[in-house]
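Novice: If you count by mature numbering (1 follows the signal peptide of the UniProt record, and there is no 0), then the sequence shown holds residues -26 to -1, 1 to 392, one letter each, in order. Even for Gly, the Cβ is constructed at its ideal location relative to N, Cα and C. Just passing along the structure, written as structure tokens.
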Amino acid sequence: MSLQISTRYRSALAGLLAMVALPAMAEDLQMWERSGGNAGMVDALVAAWNEKNPDRKINLTYIPHTDMVPKIAQAIASGEVPDLMGMDLIYGPQFEAAGQLVDITDKVKDWPELKTAVQGHMTVSTYEGRLYGVPLYADVSALFYNKDLFRKAGLDPEKPPTSLAEIREYADKITALGGDVKGYFLPGSCAGCNIFTVGPLMWASGATIEPRDANDEPLQGDGVKEVLQWARDMIKAGNVHEDARAETGETFHLRFGSGKIGMMGTGNFNITLAKEQNPSMDFGIALLPGVKSGQVSSFAGGDIVAIPMGSKRIDDAIDFMKFLLSDETQVEVYAKMLNMTTRGDMTENKYFQAEPKVQQVAKAIAVAETPYTLKFFELINSPQGPWLQMLQRAYYEDTDLDTIISEAKAQMKAIAAE
């Protein structure tokens, strides 16, 4: 009897001690990530980390994309912050300038992986020479073209256009096929779609778009006007579907897979989508060109991962960043899922080599740019902002382009000065 009591006592005591000890154990790291991004990729990265780090797992919470910026700002102000967070890379400079992110420069300065990390992500993660984040995932823009329509139009399906003039030439021939087929696609009411796909045409042509700050001049270089003139001419020539004027971005990702568009700027995500939509369609991928042959560029989009000021798990968060950039994670998580690696030197891997289209679009990483400004939404992404207004006037009005650009410049400078 005494043995039973002793056994029960020991068992109960062990259970009590376990409950008491529980709070002393390492708690999960809390991570916030925006919804509407690449959730599948982020889920896989966190799962891979948790498998390797069972004593310091990450608890991932998705925040509605439209709520992310104010929610993070509120959390930092109250001190109730997550341990780390994924955020739309374009907002990096805004939070860095406000002193709301942890400076990680000294902790990561000797990491060789940073030398080949996606340049656009690294640029927006840096403020006044100090580093505040690393890439979480990358999307890049490229020129997708329908090889089936190329053949029907008498074009060589293995020779994509290398300049804006060639895009116009090829588009004219594809549109001439008639029916519901058009040579190109330009989204008329989507600011983000245009900076992702038209912005690179300007960068490739030597232009700059956004002002970095109040002292910087926006919309510089002949490439701005040259690209606007090209786009206006493409639309007037009938090379773009009429309903493109109302495209807000809701169906942008489904356009190429319709099989009715000869060429369009879109992102690496469209490889899988187009195959699902139109399994029999043969298509190719090239870099987005500029005015002259040989000029190329791309938009590096996606998210960075950063540490909000007030985080109590800085060292663990730094370890997660190192994990993201490691060779193993780059190949066995990013590449295995056919997502872009976030290091340019990791694009030559067995998974990409088995998928030529992914390998082709990965070439954009080396030439991709990302806008750097403290007021990206107001300048570029807002539906009422000067970027989209300028494009819509160029696309659909006959107003002199110099006037349109001049007025857009003035609006951008006023916003930057606020």
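(1) For a minimum of 4 consecutive residues, which ranges assigned as the alpha helix (DSSP H) are wholly contained in the stretch 285 to 367?
(2) What are the start and end residues of each continuous alpha helix (DSSP H) run of 4 or more residues lying completely inside the stretch 202 to 284, in chain order?
(3) Which of the three DSSP states, helix, strand or coil, is assigned to D190?
(4) Does the distance from the C-beta atom of S115 to that of P174 stay below 7 Å?
(5) Ends of the beta strand (DSSP E) at G14?
(6) Helix, strand or coil for I50, going by three-state DSSP, please let me know.
(7) Determine contact between the stretch 244 to 252 and the stretch 266 to 286, defined as no fewer than three beta-carbon pairs at a distance below 8 Å.
(8) What first and last residue would you give for the alpha helix (DSSP H) that runs through E184?
(9) Between V341 and the rest of its own chain, which residues show a CB-CB distance below 6 Å, the 5 nearest in sequence each way excluded?
(10) Look at the alpha carbon of G180 and the alpha carbon of A51, and state the distance between them as a whole number of angstroms.
(11) Quick one: give me the first and last residue of the alpha helix (DSSP H) that Q385 is part of.
(12) Evaluate contact between the stretch 287 to 304 and the stretch 196 to 214, counting only Cβ atoms and requiring at least three cross-stretch pairs below 8 Å.
(13) Closest to V307 by CA distance: which of Q4, M5 and D17 is it?
(14) Per DSSP, E37 is paired with what?
(15) Could you name the residues of the same chain whose beta carbon sits closer than 8 Å to that of T373, not counting the 5 residues immediately before and after it, in chain order?
(16) Which runs of the alpha helix (DSSP H), 4 residues or longer, sit entirely within the stretch 123 to 159?
(17) Within 10 angstroms of the Cβ of H95, are there 16 or more other Cβ atoms? Answer buried if so, exposed if not.
(18) Can you look up V114 in the DSSP assignment and give me helix, strand or coil?
(19) DSSP three-state call for D2: helix, strand or coil?
(20) Using the Cα positions of P360 and A260, report the straight-line distance between them to the nearest angstrom.
(21) Looking only at its chain, what residues have a beta carbon closer than 8 Å to the beta carbon of A127, apart from the 5 residues adjacent to it on each side?
(22) Residues bridged to Y106 by DSSP?
(23) With three or more C-beta pairs closer than 8 Å as the rule, is the stretch 227 to 246 touching the stretch 327 to 335?
(24) Tell me the DSSP secondary structure of G60 in three-state form.
(25) In the DSSP assignment, what are the bridge partners of L75?
(26) Using the rule of at least 16 other Cβ atoms within 10 Å of the residue's Cβ for burial, across every protein chain shown, is Y370 buried or exposed?
(27) If you compare alpha carbons, which of A391, A384 and P282 is closest to E54?
(28) Less than 6 Å between C-beta atoms, sequence neighbours within five positions excluded: which residues of the same chain meet that for T136?
(29) Would you check if there are 3 or more beta carbon pairs closer than 8 Å linking the stretch 153 to 171 to the stretch 214 to 223?
(30) Could you have a look at D372 and say whether DSSP puts it in helix, strand or coil?
(31) Using the beta-carbon count (16 or more within 10 Å), is Q304 buried or exposed?
(32) Please classify S9 as buried or exposed, where buried requires at least 16 neighbouring CB atoms within 10 angstroms.
Specialist: If we stick to the structure as given:
(1) Residue ranges of uninterrupted alpha helix (DSSP H) with 4 or more members, entirely inside the stretch 285 to 367 and ordered along the chain, are 288 to 299, 324 to 327 and 330 to 335.
(2) 244 to 251
(3) coil
(4) yes
(5) From DSSP, G14 is part of no beta strand (DSSP E) but of the alpha helix (DSSP H) over A13 to K26.
(6) In this structure, I50 counts as helix in the three-state DSSP scheme.
(7) no
(8) Here E184 belongs to no alpha helix (DSSP H), and DSSP marks it neither H nor E.
(9) V270, S271 and S272
(10) 41 Å
(11) Counting along the chain, the alpha helix (DSSP H) containing Q385 begins and ends at L375 to A391.
(12) Too few Cβ pairs lie closer than 8 Å, so no.
(13) D17
(14) Note that residue 37 corresponds to Ile in the displayed sequence, not to Glu. Paired residue(s): R8.
(15) R367
(16) 138 to 149
(17) buried
(18) strand
(19) Taken through DSSP and simplified to helix, strand or coil, D2 comes out as coil.
(20) 29 Å
(21) Y144, K147, I148, A150, L151 and G236
(22) None; Y106 has no bridge partner.
(23) Contact between the stretch 327 to 335 and the stretch 227 to 246 is present, because at least three Cβ pairs lie under 8 Å.
(24) strand
(25) P282
(26) exposed
(27) P282
(28) P263 and S267
(29) yes
(30) coil
(31) Buried.
(32) exposed
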